[in-house]
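In our numbering, the protein residues as written are 1319 to 1823.
We treat Cβ as the ideally placed atom computed from N, Cα and C, and that holds for glycine.
Remember, it's a predicted structure, so these values are computed and weren't measured experimentally.
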Amino acid sequence: MSAQPLAESLVQSVDWLAVAPPAIAAAAGLVVLVADLFLPEARKPVLGWISVAGLAVAALMLLPLLDGDRSTFCVTGATRACSYTADHFTLVIQFLVLGGALLAALLSVTNLADDQRRVPPGEFWFLLLSSAAGAALLPASRDLATLIVALEVASLPAFALVGIRHGDKRSSEAALKFFLSSVTATAVSLMGVSFVYASTGTLYLTQVAQRLPHVGGQLHTLAQAGVVLTLIGFAFKTAAVPFHFWVPDTYVGAPLPVAAYLSVVGKAVGFSGLILVTVVAFPSYADVWGPALAVLAALTMTVGNVGALRQQATRAYSAVRLLAWSSVGQAGYLLVPIAAAGYAKDPQKAIGSTVAYALMYGAVNLGAFAVAAVVGRSRALNRIADYRGLYAANPLTALLLAFFLLCLAGLPPGVIGLFAKVIVFSSAVDAGLGWLAVVMAVNVVIALFYYLQWTALLFRAPEGEPARHRVPAPLTAALALTGVLGVALSGAPQLVLRFAATGLF
1319 MSAQPLAESL
1329 VQSVDWLAVA
1339 PPAIAAAAGL
1349 VVLVADLFLP
1359 EARKPVLGWI
1369 SVAGLAVAAL
1379 MLLPLLDGDR
1389 STFCVTGATR
1399 ACSYTADHFT
1409 LVIQFLVLGG
1419 ALLAALLSVT
1429 NLADDQRRVP
1439 PGEFWFLLLS
1449 SAAGAALLPA
1459 SRDLATLIVA
1469 LEVASLPAFA
1479 LVGIRHGDKR
1489 SSEAALKFFL
1499 SSVTATAVSL
1509 MGVSFVYAST
1519 GTLYLTQVAQ
1529 RLPHVGGQLH
1539 TLAQAGVVLT
1549 LIGFAFKTAA
1559 VPFHFWVPDT
1569 YVGAPLPVAA
1579 YLSVVGKAVG
1589 FSGLILVTVV
1599 AFPSYADVWG
1609 PALAVLAALT
1619 MTVGNVGALR
1629 QQATRAYSAV
1639 RLLAWSSVGQ
1649 AGYLLVPIAA
1659 AGYAKDPQKA
1669 IGSTVAYALM
1679 YGAVNLGAFA
1689 VAAVVGRSRA
1699 LNRIADYRGL
1709 YAANPLTALL
1719 LAFFLLCLAG
1729 LPPGVIGLFA
1739 KVIVFSSAVD
1749 AGLGWLAVVM
1759 AVNVVIALFY
1769 YLQWTALLFR
1779 APEGEPARHR
1789 VPAPLTAALA
1799 LTGVLGVALS
1809 GAPQLVLRFA
1819 ATGLF
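In structure tokens:
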């Protein structure tokens, strides 16, 4: 008689609508892989538009999920637990991931047309879609095994995307650095997850949260080690200092659309995983991960902003390097509310601040990379000095870049950037982390210098004849989407800021 309830508890139902966004991205990747075998070389550009369409459909499939939480791959028994949950948090991060991947795909259409001999289009699009599918799966993962698998599905294709240019030593070196750092993070995470499983006997995040406080005896030390190692592994993925060393060289060596993808989608993957393991799985260890993440946040924003400040305008690829170091600094800001969640009475509100900031950052940072892609088509070294006088040659492009940089700096008219920084600052103050709020304020001032310096350069008189930058249709679409989104959010910041006050889980 006891075998029947056990059998029933192992039967899992599948809600295909809930899993549709990552599933469609994965299916589009398979379609591209097969189509690449049969299409002649002259028709290969079609693969890019199939990929764009697949990502757009995957993003649209989020709309039917807005009516309520849905869970699938569930087991029943004494307690019900699910491996996949499409709640408010999942949908917001999936929108960021799929929207970011879609914009990166638009940038890639032009990039591959310019660099077709060195970048095989079939492999490129398959890898991008595979990574996007893993990134969309991760925020919905509610057990440690699915979380790690999703993390690796998102990361492994990214290694190949960074080093995909044939015969490019910088690209190969960047891929190697990215690979070694990520493999180290995975090994540390897996060790931590194995320790947590050994001490609690479960992989489901909610059950881990219930059992961790009651682990005693010899297993208590094992559980502590598991929690610490898991957090260190995710700190690698978020590029938090001192695990950030791969970022500048990887962004410079990768194709520019891939760097844009990593700066937004890669961060969304790391931070959503970090949120799930801290707030959902390890709330009983908030006294451990709260102070640790606060210190990491302070170090990350400081090192990132100082690194960006030191970039020389005439150095090769200095524009991309500045965006890379800036992304490290922005990661520090994103860590602040997660650290505050370890101290706050309402951790979900603090996490909402990270989500709101990530949405703002994703839109404007992809816009900045889109402008860098435009300039990079005629100025291959993509130096900051190459942007001097951009307004004289391409007024609209220069105005958009100025707007994106002001958003990142948190200055009007980039109102959404200002509000996003205010809610992150408020989360630290509300949690009693006054010292971290002071560190953040100092770093915002440091960042103002290099963002405004670059912005001023756009409107200075050009040296010699201003270079004209032709903007193909896919790049125009990417610039238009990011520009409209940034302006709309600055006009109605409540569209994003309400996530800071809404229960995410």
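Assigned secondary structure, residue i (DSSP; H/G/I helix, E/B strand, else coil)
{"i": "Thr1632", "result": "coil"}
{"i": "Leu1324", "result": "Unreliable positioning characterises Leu1324 in this predicted model, as indicated by a pLDDT of 43, which lies under 50. The coordinate reading is nonetheless provided below. Of the three classes helix, strand and coil, the one that applies to Leu1324 here is helix, per DSSP."}
{"i": "Thr1394", "result": "coil"}
{"i": "Thr1800", "result": "helix"}
{"i": "Thr1403", "result": "strand"}
{"i": "Arg1701", "result": "coil"}
{"i": "Arg1695", "result": "coil"}
{"i": "Asp1664", "result": "coil"}
{"i": "Val1433", "result": "First, the residue type needs correcting, since residue 1433 is Asp and not Val in the sequence shown. Reduced to three states, the DSSP call for Asp1433 is coil."}
{"i": "Asp1387", "result": "coil"}
{"i": "Asp1333", "result": "coil"}
{"i": "Val1486", "result": "The sequence shown places Asp at residue 1486, rather than the Val named in the question. Three-state result, Asp1486: coil."}
{"i": "Leu1807", "result": "helix"}
{"i": "Ala1338", "result": "helix"}
Run of the alpha helix (DSSP H) containing residue i, from where it starts to where it stops
{"i": "Arg1529", "result": "Leu1523 to Arg1529"}
{"i": "Leu1754", "result": "Gly1752 to Leu1776"}
{"i": "Ser1745", "result": "Val1733 to Asp1748"}
{"i": "Gln1812", "result": "Gln1812 to Leu1815"}
{"i": "Ala1716", "result": "Pro1713 to Ala1727"}
{"i": "Asp1605", "result": "Ala1604 to Leu1627"}
{"i": "Gly1535", "result": "Looking at the DSSP string, Gly1535 is not in any alpha helix (DSSP H), and its letter there is neither H nor E."}
{"i": "Lys1585", "result": "Lys1585 to Ile1593"}
{"i": "Asp1567", "result": "Val1565 to Gly1571"}
{"i": "Gly1440", "result": "Pro1439 to Leu1455"}
{"i": "Pro1363", "result": "Pro1363 to Leu1378"}
Beta-carbon spacing of residue i, residue j below 8 Å
{"i": "Trp1643", "j": "Gly1622", "result": "yes"}
{"i": "Thr1773", "j": "Ala1720", "result": "yes"}
{"i": "Ala1674", "j": "Val1789", "result": "no"}
{"i": "Ala1681", "j": "Leu1807", "result": "yes"}
{"i": "Thr1618", "j": "Val1559", "result": "yes"}
{"i": "Ala1690", "j": "Ala1637", "result": "yes"}
{"i": "Pro1780", "j": "Arg1697", "result": "no"}
{"i": "Leu1421", "j": "Leu1718", "result": "no"}
{"i": "Ala1423", "j": "Ser1499", "result": "no"}
{"i": "Phe1552", "j": "Gly1519", "result": "no"}
{"i": "Gly1372", "j": "Phe1444", "result": "no"}
{"i": "Ala1626", "j": "Leu1653", "result": "no"}
{"i": "Pro1457", "j": "Gln1412", "result": "yes"}
{"i": "Asn1700", "j": "Val1692", "result": "no"}
{"i": "Lys1555", "j": "Leu1469", "result": "yes"}
{"i": "Phe1442", "j": "Leu1494", "result": "no"}
{"i": "Phe1737", "j": "Pro1655", "result": "no"}
{"i": "Thr1715", "j": "Leu1724", "result": "no"}
{"i": "Ile1734", "j": "Ile1669", "result": "no"}
Neighbourhood of residue i by C-beta distance below 6 Å, restricted to the same chain and skipping five residues each side
{"i": "Leu1462", "result": "Val1511 and Leu1521"}
{"i": "Arg1436", "result": "Arg1483 and His1484"}
{"i": "Phe1600", "result": "Val1545"}
{"i": "Pro1266", "result": "Coverage of the chain is limited to positions 1319 through 1823, which leaves residue 1266 absent and any answer about it impossible."}
{"i": "Leu1775", "result": "Tyr1705 and Arg1706"}
{"i": "Ser1490", "result": "Gly1481"}
{"i": "Tyr1579", "result": "Ala1422"}
Best match in the options for proximity to residue i [C-alpha to C-alpha]
{"i": "Gly1804", "options": "Ala1779, Pro1730, Leu1380 and Tyr1768", "result": "Pro1730"}
{"i": "Tyr1651", "options": "Pro1609, Leu1754, Ala1691 and Ala1454", "result": "Leu1754"}
{"i": "Val1624", "options": "Ala1376, Ala1676 and Val1757", "result": "Val1757"}
{"i": "Asp1605", "options": "Val1546, Trp1564 and Phe1413", "result": "Val1546"}
{"i": "Ala1659", "options": "Leu1378, Val1742 and Thr1502", "result": "Val1742"}
{"i": "Leu1677", "options": "Val1375, Ser1581, Leu1465 and Pro1358", "result": "Ser1581"}
{"i": "Asp1387", "options": "Ala1376, Met1379 and Thr1408", "result": "Thr1408"}
{"i": "Val1337", "options": "Ser1389, Leu1373 and Pro1358", "result": "Ser1389"}
{"i": "Leu1351", "options": "Gln1412, Ala1360, Asp1333 and Leu1446", "result": "Leu1446"}
{"i": "Ala1688", "options": "Asp1433, Gly1809, Thr1428 and His1562", "result": "Thr1428"}
{"i": "Leu1797", "options": "Pro1811, Ala1649 and Phe1722", "result": "Phe1722"}
{"i": "Trp1564", "options": "Arg1488, Ile1669, Leu1540 and Pro1358", "result": "Arg1488"}
{"i": "Gly1588", "options": "Gly1535, Gln1528, Ala1649 and Asp1405", "result": "Ala1649"}
Same chain only: Cβ atoms within 7 Å of residue i, ignoring 5 sequence neighbours per side
{"i": "Val1415", "result": "Ala1450, Ala1453, Ala1454, Val1583 and Ala1586"}
{"i": "Pro1340", "result": "Ala1451, Ala1454 and Leu1455"}
{"i": "Val1548", "result": "The question names Val, but residue 1548 in the sequence shown is Thr. Ser1507, Gly1510, Val1511, Val1514 and Val1595, listed in sequence order."}
{"i": "Gly1750", "result": "Tyr1661"}
{"i": "Ala1612", "result": "Ala1657, Leu1751 and Leu1754"}
Spatial neighbours of residue i in its chain, beta-carbon cut-off 8 Å, leaving aside the 5 residues before and after
{"i": "Pro1439", "result": "Asp1354, Lys1362, Pro1363, Leu1365, Gly1366 and Leu1430"}
{"i": "Ala1325", "result": "With a pLDDT of 43 at Ala1325, under the threshold of 50, the modelled position of that residue is not reliable, and the figure given next carries that caveat. For Ala1325, where only same-chain residues beyond five positions count, there are no Cβ hits under 8 Å."}
{"i": "Ala1374", "result": "Leu1420"}
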